[in-house]
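Chains as they are written, first to last, in this note's numbering: chain F, 1 to 83; chain S, 1 to 83. Note that beta-carbon positions come from the ideal geometry of N, C-alpha and C, so glycine has one too. Working notes, beginning with the structure itself.
Protein chains: 2
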Amino acid sequence: MQYQAEVTIELKAGMLDPEGTTIKRALEHLGYGTDSVRTAKKYTITLQAKNIDAARVNVEEMCQKLIANPIIHNYEIFLRELE
Amino acid sequence: MQYQAEVTIELKAGMLDPEGTTIKRALEHLGYGTDSVRTAKKYTITLQAKNIDAARVNVEEMCQKLIANPIIHNYEIFLRELE
Numbered sequence: 001m002q003y004q005a006e007v008t009i010e011l012k013a014g015m016l017d018p019e020g021t022t023i024k025r026a027l028e029h030l031g032y033g034t035d036s037v038r039t040a041k042k043y044t045i046t047l048q049a050k051n052i053d054a055a056r057v058n059v060e061e062m063c064q065k066l067i068a069n070p071i072i073h074n075y076e077i078f079l080r081e082l083e
Numbered sequence: 001m002q003y004q005a006e007v008t009i010e011l012k013a014g015m016l017d018p019e020g021t022t023i024k025r026a027l028e029h030l031g032y033g034t035d036s037v038r039t040a041k042k043y044t045i046t047l048q049a050k051n052i053d054a055a056r057v058n059v060e061e062m063c064q065k066l067i068a069n070p071i072i073h074n075y076e077i078f079l080r081e082l083e
């Protein structure tokens, strides 16, 4: 079966987000006030697995070994079967 | 009122995604086969506006003027009111 995983990688609360701060400042220069801007990455991974549990285990391992840094990131996985 | 906008910026279909390709290859080296890996950015913006329509107009303009490049990106805005 083919599955699609949407993985969102966010900085943990309290971690500095210099990219977000820069965008907030740039928006102010353009006249758009905001209270805060936080950035995150999203990865859309399609993969083959024998069932959704196996797909989830696989994507969890990918996050832990490569995609996220568990010291500074939280991650969230949303999985669905493709037709 | 305070609103929170989740803005997702994706490359348009057909645009090369070298970061995704690199991650796909790195995952293969670790023993995780995938069919594809696509990357996107997510911005969480909190802002003040007099109503949700005004907030949407503001965030649309932020995307068009600064956050997204309409030639290569699609963007999606999900807005909600913060109590």
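What residues in the region 43-65 of chain S have a beta carbon less than 8 Å from any beta carbon of chain F? 43, 44, 45, 46, 47, 48, 58, 61, 62, 65
Alpha helix (DSSP H) segment containing residue 52 of chain S, residue limits: Numbered from its first residue, the second sequence carries residue 52 of chain S at position 52. Residue 52 of chain S -> alpha helix (DSSP H) spans 52-62.
According to the neighbour-count rule (16 or more other Cβ atoms, all chains shown, within 10 Å of its Cβ), is residue 45 of chain S buried or exposed? Counting from 1 along the second sequence, the entry for residue 45 of chain S is found at position 45. So residue 45 of chain S counts as buried.
Between F:42, F:1, F:35, F:25, which has its C-alpha nearest residue 66 of chain S's C-alpha? The residue you call residue 66 of chain S lines up with position 66 of the second sequence. Cα-wise, what sits closest to residue 66 of chain S is F:25.
DSSP three-state label for residue 47 of chain S, please. In the second sequence, residue 47 of chain S corresponds to position 47, counting from 1. Strand at residue 47 of chain S.
Give the secondary structure of residue 19 of chain F by DSSP, where H, G and I count as helix, E and B as strand, and everything else as coil. In the first sequence, residue 19 of chain F corresponds to position 19, counting from 1. Reduced to three states, the DSSP call for residue 19 of chain F is helix.
Hey, out of S:36, S:79, S:70, S:22, whose CA is closest to residue 11 of chain S's CA? By 1-based counting over the second sequence, the position of residue 11 of chain S is 11. The shortest C-alpha separation from residue 11 of chain S is found at S:70.
Determine whether the Cβ of residue 32 of chain F lies closer than 7 Å to any Cβ atom of chain S. Residue 32 of chain F sits at position 32 when you count from the first residue of the first sequence. Chain S contact via Cβ: present.
Hey, how far is the Cα of residue 21 of chain F from the Cα of residue 39 of chain F? Translated into the one-based positions of the first sequence, residue 21 of chain F becomes position 21. Translated into the one-based positions of the first sequence, residue 39 of chain F becomes position 39. Distance between the alpha carbons of residue 21 of chain F and residue 39 of chain F is about 9 Å.
When DSSP labels each residue in this structure, what does residue 5 of chain F get in the three-state scheme? Mapped onto the first sequence, residue 5 of chain F falls at position 5. Residue 5 of chain F falls in the strand class under three-state DSSP.
Pop quiz: residue 9 of chain S and residue 75 of chain S are said to be a contact at Cβ under 8 Å. What is the actual Cβ separation, rounded to whole angstroms? Taking the first residue of the second sequence as 1, we reach residue 9 of chain S at position 9. Taking the first residue of the second sequence as 1, we reach residue 75 of chain S at position 75. Indeed they touch by this definition, with Cβ atoms about 5 Å apart.
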